[in-house]
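Numbering (my numbering), first residue to last: 17 to 97.
Ideal Cβ positions, reconstructed from N, Cα and C, are used throughout, including at glycine.
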């Protein structure tokens, strides 16, 4: 089962693109890593996945539920509070 999925998620800060059209699909009960250089957008992507910040475009879902539609519930779900 797909636990986490993004479709063309992008985050822009004014003219700076922090995350550009990321599409991923992660299965439950597996371990994944996120690697990249300083400033590559890793923290921004994780904040998007957790619903801490909203995307400029695209979608993020956890077990089929849109993270941005009910970010408070999603934060509780992923134990960020």
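### alpha helix (DSSP H) runs contained entirely in the segment 40-68, provided each spans 4 or more residues
Residue ranges of uninterrupted alpha helix (DSSP H) with 4 or more members, entirely inside the segment 40-68 and ordered along the chain, are 58-65.
Mind checking whether the beta-carbon of residue 75 lies closer than 6 Å to any heavy atom of the ligand HEM? The ligand content of the structure shown is nil, which means the ligand HEM is not present either.
By DSSP, does residue 96 sit in helix, in strand, or in coil? As a position in the chain shown, residue 96 is number 80, starting the count at 1. Confidence at residue 96 is low in this model, with a pLDDT of 49, below 50, so its placement is unreliable and the value that follows should be read with caution. Residue state, collapsed to three classes: coil.
Nearest-angstrom Cα separation, counted from residue 25 out to residue 73
Here residue 73 refers to the residue found at position 57 when the chain shown is read from its first residue. Here residue 25 refers to the residue found at position 9 when the chain shown is read from its first residue. Going by the C-alpha atoms only, they are around 6 Å apart.
**Prompt:** Can you give the Cα-Cα distance for residue 84 and residue 51, rounded to whole angstroms?
**Reply:** Counting from one through the chain shown, the residue named residue 84 turns up at place 68. Counting from one through the chain shown, the residue named residue 51 turns up at place 35. Computed Cα separation, rounded: 24 Å.
Spatially closest choice to residue 46 from 32, 86 and 20, by CA coordinates
Counting from 1 along the chain shown, the entry for residue 46 is found at position 30. Of the listed residues, the one whose Cα sits closest to residue 46 is 20.
If distances are taken between C-alpha atoms only, which option among 86, 80, 82 and 75 comes closest to residue 37?
The residue you call residue 37 lines up with position 21 of the chain shown. With distances taken between Cα atoms, residue 37 lies closest to 75.
Range covered by the beta strand (DSSP E) that runs through residue 74
Counted from its first residue, the chain shown places residue 74 at position 58. 73-78 is the extent of the beta strand (DSSP E) around residue 74.
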